[in-house]
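Position 104 of the sequence shown, counting from 1, maps to 117 under this note's numbering, and the rest follow consecutively.
Using N, Cα and C, we set each Cβ at its ideal position, and we do this for glycine too.
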Amino acid sequence: MKLMPFEVLKALAVETRVKIIDLLKSKGPLGAKNIAELISITPAAVSQHLKILRQAGLVRSERKGYWIPYAIDEEALENCRQILNDICTCGCRGTGKFREKELNDSNLGSLKKYEKELRNELRIVRERVKEIESQKK
């Protein structure tokens, strides 16, 4: 079932859920109890937040005996990025580049800042590619 963009954004509108996503992104799959300890809230509260994130399709879980690890759904997060790109109005995002008008009108400072952002994005993409390649070996 594909959710509407507002449903996904609504799930991310709570700071604790964003913290959970960040935690899973940095640490990998974790159980509710581990998450609770790391962000200092009760396991029951974590379970409720995970339920909403799971319903939004942002995290997935698979029981392994008594342990239920939760992990980020990478494809769903990519869809979130696309949702934000679709509604972005700044002109430089969404297409991944400046539109020609902005490129011609921009001052050197803006272009340098944009260049720095692109270099950072490229670094992140390269790291992710290496990570995925190492997992396949």
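{"Item": "Host beta strand (DSSP E) of Ala84 (start-end)", "Value": "83-85"}
{"Item": "Rounded separation between Ser89 and Gly78 - CA only", "Value": "Rather than Ser, the amino acid found at residue 89 in this sequence is Ala. The straight-line gap from Cα to Cα measures roughly 26 Å."}
{"Item": "Residue from Lys129, Lys23, Lys126 whose Cα sits closest to the Cα of Gly70", "Value": "Lys23"}
{"Item": "Val21 versus Tyr83, Glu130, Asn92, residue with shortest Cα-Cα distance", "Value": "Asn92"}
{"Item": "Cβ pair count under 8 Å reaching 3, the segment 26-33 against the segment 50-58", "Value": "yes"}
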